[in-house]
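Participant: Sequential numbering of the sequence shown, starting at 107, is according to my numbering.
Every residue, glycine too, gets a C-beta built ideally from N, C-alpha and C.
No experiment lies behind these values; they were computed from the predicted model shown.
Quick one: the structure is below, and I'll ask about it shortly.
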Amino acid sequence: MTSTPSDDSNLQATAGNPETSQAALLQQLRRKQGTWVAWGQACQSLQKAGLSPQKIFEETGFEPVQQNQITVAAQVYASMSAAGASEQAQAHFQQRGSDLLYELRILSQSDRAQAAELIVQNGLEIDQVKEVAKALREFSYSEQPPEGFSKHPGDAVAYHYWRLARQQRDLPVRSRLIAQGLRFAHSASARQQIEKLLLDFTVVKDKPAPKLPVYRLETETELPRLIPVAGEWPLSIADFKAVPLALTEEPFGLVKFSGTGAWVAVPGWQVILQAEDPVGILVQSKYLPAAPTQSLSETLLVVIDRAQRDWRSDSYFAVEQGDRLDLQWSEQEPDIQLLGRVILVIRPKRILDEGYTRELWQIDE
Numbered sequence: 107m108t109s110t111p112s113d114d115s116n117l118q119a120t121a122g123n124p125e126t127s128q129a130a131l132l133q134q135l136r137r138k139q140g141t142w143v144a145w146g147q148a149c150q151s152l153q154k155a156g157l158s159p160q161k162i163f164e165e166t167g168f169e170p171v172q173q174n175q176i177t178v179a180a181q182v183y184a185s186m187s188a189a190g191a192s193e194q195a196q197a198h199f200q201q202r203g204s205d206l207l208y209e210l211r212i213l214s215q216s217d218r219a220q221a222a223e224l225i226v227q228n229g230l231e232i233d234q235v236k237e238v239a240k241a242l243r244e245f246s247y248s249e250q251p252p253e254g255f256s257k258h259p260g261d262a263v264a265y266h267y268w269r270l271a272r273q274q275r276d277l278p279v280r281s282r283l284i285a286q287g288l289r290f291a292h293s294a295s296a297r298q299q300i301e302k303l304l305l306d307f308t309v310v311k312d313k314p315a316p317k318l319p320v321y322r323l324e325t326e327t328e329l330p331r332l333i334p335v336a337g338e339w340p341l342s343i344a345d346f347k348a349v350p351l352a353l354t355e356e357p358f359g360l361v362k363f364s365g366t367g368a369w370v371a372v373p374g375w376q377v378i379l380q381a382e383d384p385v386g387i388l389v390q391s392k393y394l395p396a397a398p399t400q401s402l403s404e405t406l407l408v409v410i411d412r413a414q415r416d417w418r419s420d421s422y423f424a425v426e427q428g429d430r431l432d433l434q435w436s437e438q439e440p441d442i443q444l445l446g447r448v449i450l451v452i453r454p455k456r457i458l459d460e461g462y463t464r465e466l467w468q469i470d471e
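Next comes the structure, spelled out in structure tokens:
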């Protein structure tokens with residue numbers, strides 16, 4: 107995405123009047139004034155002020171998915187600049203490349219700056235940027251770099267292609283991966299490690315990632331309902347009326363309250379009963395590693411036991427990735443703090459005819 111050159115001095119929000127500030131930001135987006143970084147910051151400010159992505163779209167023409175991209179990319183741009191990215195990289199991305207920076211959201215602040223430098227130096231496209239981001243993230247899990255490779259980001263990416271090349275029997279594909287590794291290798295020792303693959307055709311397969319423990323709710327009895335408790339009898343009228351109305355939200359019967367949280371009812375399966383500190387997270391299936399094969403994305407409930415922090419090779423774990431939570435699997439024990447183990451992924455009950463279940467005459471007497 108590119109921007110239209112203009113005088114940014116008139117684009118600052120008016121500090122005294124929030125409504126004037128919102129109007130100025132909406133006008134900025136409507137006219138596409140300033141850089142895409144300014145657009146992302148404007149979208150973020152408007153959403154914090156209470157405007158929904160749909161409302162911003164109606165006022166400016168920026169679709170919700172576009173708002174999300176430039177908002178996240180603008181945050182990445184700010185963090186990479188703070189981490190010391192070169193003026194060349196900052197100037198390059200200030201004018202273009204929001205889609206590329208969006209892919210770096212999974213990296214830490216320092217890794218974002220290094221990845222941005224690699225992108226600019228090598229003129230990378232979106233597919234290559236995704237590979238670079240994945241390589242740097244995986245490389246960051248190890249406290250010490252693998253034998254022959256340094257901590258330089260170029261060597262990190264080279265190591266990624268070295269691993270992929272070792273797993274390939276197809277010689278043309280193997281050769282392309284070796285060429286990619288040599289392209290990014292920074293140290294002489296890393297180049298030597300990759301060049302060895304030109305003579306050594308041994309195929310070394312990595313351990314496959316485990317499958318997520320996915321279970322779909324199937325019957326009505328597996329869909330319990332949460333009911334708020336007013337207290338113990340005898341109960342005053344005031345205490346009785348103080349109980350908030352519990353409205354459930356699909357697809358898992360989520361119940362929100364006035365605080366900063368919500369409840370969700372989960373069947374009392376053994377894996378749930380044995381959990382010491384379970385926490386549920388709603389996730390779109392397309393964002394999960396090793397997501398279940400399906401034609402459409404659906405909302406899943408990922409249950410993480412925060413008490414289980416000892417590494418196991420057959421499980422996914424919640425880890426800190428920059429300022430975000432991430433779910434990762436590692437073949438060997440990683441040198442990062444584990445925040446909890448994924449003990450269950452619940453798929454919602456598939457109801458073919460929701461109206462059918464709401465008809466009173468269908469209820470058994």
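Using the Cβ count rule (16 or more neighbours within 10 Å means buried), how would you classify Tyr355?
Facilitator: As written in the sequence, residue 355 is Glu, which differs from the Tyr given in the question. Exposed is the call here.
Participant: Shortest alpha-carbon distance to Val320 belongs to which of Asp276, Thr308, Leu394?
Facilitator: It is Leu394 whose Cα lies nearest to the Cα of Val320.
Participant: Can you tell me which of Asp383, Arg430, Ser293, Glu244 puts its alpha carbon nearest to the alpha carbon of Arg415?
Facilitator: Asp383
Participant: Helix or strand or just coil, what does DSSP make of Ala368?
Facilitator: strand
Participant: Any idea which residues DSSP pairs Glu355 with across the strands?
Facilitator: Beta bridge pairing from DSSP links Glu355 with Leu360.
Participant: Check Arg453 in the structure and name its three-state DSSP category.
Facilitator: strand
Participant: By DSSP's criteria, Gly446 is part of a beta bridge. Which residues make up the other side?
Facilitator: Checking the DSSP bridge columns, you'll see Gly446 partnered with Ala424.
Participant: Quick check on the DSSP output: what are the complete alpha helix (DSSP H) runs of length 4 or more inside the segment 196 to 232, in order along the chain?
Facilitator: 204 to 208, 215 to 228
Participant: Assign Ile232 to buried or exposed, taking buried as 16 or more other Cβ atoms, counted over all protein chains shown, within 10 Å of its Cβ.
Facilitator: Classification of Ile232: exposed, given that the 10 Å Cβ count is below 16.
Participant: Give a yes or no on whether the C-beta atoms belonging to Ala271 and Gly254 are separated by under 8 Å.
Facilitator: no
Participant: I'd like to check one pair, Val182 with Arg136: are the Cβ atoms closer than 8 Å?
Facilitator: no
Participant: Going straight from the alpha carbon of Gly140 to that of Phe163, what length do you get?
Facilitator: 18 Å
Participant: Given Asp441, which residues of its chain have a CB within under 7 Å of its CB, disregarding the five upstream and five downstream residues?
Facilitator: Tyr247, Ser248, Glu249
Participant: With a cut-off of 8 Å, does the C-beta of Trp145 fall near any C-beta of chain B?
Facilitator: The chain inventory of the structure shown lacks chain B, comprising one protein chain alone.
Participant: With a threshold of 8 Å, are at least 3 pairs of Cβ atoms found where one atom belongs to the segment 262 to 278 and the other to the segment 302 to 314?
Facilitator: yes
Participant: Relative to the alpha-carbon of Glu324, which residue among Trp268, Val235, Ile452, Gln380 has its alpha-carbon at the smallest distance?
Facilitator: Ile452
Participant: Measure the C-alpha to C-alpha separation of Cys149 and Ala129 and round it to an integer number of angstroms.
Facilitator: Distance between the alpha carbons of Cys149 and Ala129: 12 Å.
Participant: Measure the alpha-carbon distance for Pro170 versus Ile176 and round it to whole angstroms.
Facilitator: 10 Å
Participant: In terms of residue numbering, what span does the alpha helix (DSSP H) encompassing Thr177 cover?
Facilitator: 170 to 188
Participant: Counting only the same chain and skipping the five closest in sequence on each side, list residues whose C-beta sits under 8 Å from that of Leu224.
Facilitator: Leu230, Val238, Pro259, Gly260, Val263, Phe290
Participant: Is it buried or exposed, Ser403, if we count other Cβ atoms within 10 angstroms and call 16 or more buried?
Facilitator: exposed
Participant: State the DSSP-derived secondary structure class of Gln139, mapped to helix, strand or coil.
Facilitator: strand
Participant: Starting from Gln390, follow its DSSP beta bridges and name the residues at the other end.
Facilitator: Thr405
Participant: Buried or exposed for Gln376, going by 16 or more other Cβ atoms inside 10 Å?
Facilitator: exposed
Participant: Check the C-beta distance from Pro454 over to Pro357 and give it rounded, since I have them as a contact under 8 Å.
Facilitator: 3 Å
Participant: So, Trp417 versus Glu437, is the Cβ gap smaller than 8 Å?
Facilitator: no
Participant: When the Cα of Glu193 is compared with those of Ala179, Tyr208, Gln220, which residue comes out closest?
Facilitator: Gln220
Participant: Within a Cβ cutoff of 7 Å, which residues of the same chain sit near Phe199, ignoring the five residues on either side of it in sequence?
Facilitator: Counting only Cβ-Cβ distances below 7 Å, and skipping sequence neighbours, we find Tyr183, Leu207, Ala222.
Participant: Would you give the residue range spanned by the beta strand (DSSP E) that Arg430 belongs to?
Facilitator: 430 to 434
Participant: Please list, in chain order, all residues of the same chain as Arg331 whose beta carbon is under 8 Å from its beta carbon, the five residues on each side excluded.
Facilitator: Thr354, Gly359, Ala371
Participant: For Ser391, which option in Val361, Leu131, Arg322 has the closest C-alpha, if you only look at C-alpha atoms?
Facilitator: Arg322
Participant: Can you tell me whether DSSP reads Tyr247 as helix, strand or coil?
Facilitator: coil
Participant: With distances taken Cα to Cα, identify the nearest neighbour of Gly167 among Ala189, Gln133, Lys317, Gly156.
Facilitator: Gln133
Participant: Where does Pro384 sit, in a helix, a strand or coil, going by DSSP?
Facilitator: strand
Participant: I'd like the span of the alpha helix (DSSP H) that includes Val263, first residue to last.
Facilitator: 259 to 272
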